[in-house]
Amino acid sequence: QHPDKLPDFVRVAVWVDPAVTSTDGSDSQGLQCDGISERGVIYRLESWEGRESPLSALQRALKIARRWGADTVGVETNQGGDTWGSVYREACRSLGLTEARAPVFRQEKATSSDGSKVERSHRMAIDYERGRIVHVLGHHDVLEKGEHHHQAVDRQRAHEEANPPPGKSFQEQVDKLSGLGRGGDRL
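The numbering of the sequence shown is this note's numbering, which starts it at 881 and goes up by one.
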């Protein structure tokens, strides 16, 4: 979708999936800016990933939030916990944003009830396919590579289920896929 042809949004928010370090071996920081239309479609307005300090990542998130008019900047706080609130305040100060002008800060932990990264990426792929998420700007290589990998694995499994190797009984295939050995013992 071209950025000049976007609907009005009910809400816009930026979320950060942070890394706590910025060395060559560190995970990437991931930023997503999403807007929700009146029809409930999520527009992935801007995505970014890269290695930089936690402060720089939150400064970037604030700049993206201001560019798109976001009312919230959130951080997934599985790593770093309460530290992110102080880093957010420092990022605001460094950009000259007063509390009144800065987006609201939120922090959330991803929990097992949210599902694994694989499960979450599968749900997101379904939403993309159904037009519930529309990608506008940027990329997130790690997520996209992971999603392509999971789609390839799913296609391979479906192919193997539909075309069992010669000489294997249907029950042997079911046992293999369910992790059961002969007599119902777990492998």
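Using N, Cα and C, we set each Cβ at its ideal position, and we do this for glycine too. Remember, it's a predicted structure, so these values are computed and weren't measured experimentally.
Looking at the DSSP output, I916 sits in a beta bridge with R891, I922. Burial is judged here by how many other beta carbons sit within 10 angstroms of a residue's own beta carbon; E918 has fewer than 16 and is exposed.
For I922 against I1013, the beta-carbon gap comes to about 5 Å, under 8 Å, which counts as contact. DSSP lists I922 as the bridge partner or partners of I1013.
Here the C-alpha atom of L911 lies approximately 22 Å from the C-alpha atom of K885. Secondary structure at Q987: strand, using DSSP grouped into helix, strand and coil. The straight-line gap separating the alpha-carbon atoms of Y1008 and H1002 is approximately 10 Å. By the C-beta density criterion, A899 is buried, having at least 16 other C-beta atoms within 10 angstroms. In the three-state scheme derived from DSSP, where H, G and I count as helix and E and B as strand, S936 is classed as helix. Residue range 952-956 is occupied by the beta strand (DSSP E) that includes E956, with no alpha helix (DSSP H) assigned at that position. R931 and S908 do touch by the CB rule: their CB atoms are close to 6 Å apart, below 8 Å. The shortest CA-to-CA distance from E956 to any of D888, L938, R947 is the one to L938. According to the DSSP secondary-structure assignment, V896 is paired through a beta bridge with L911, V955.
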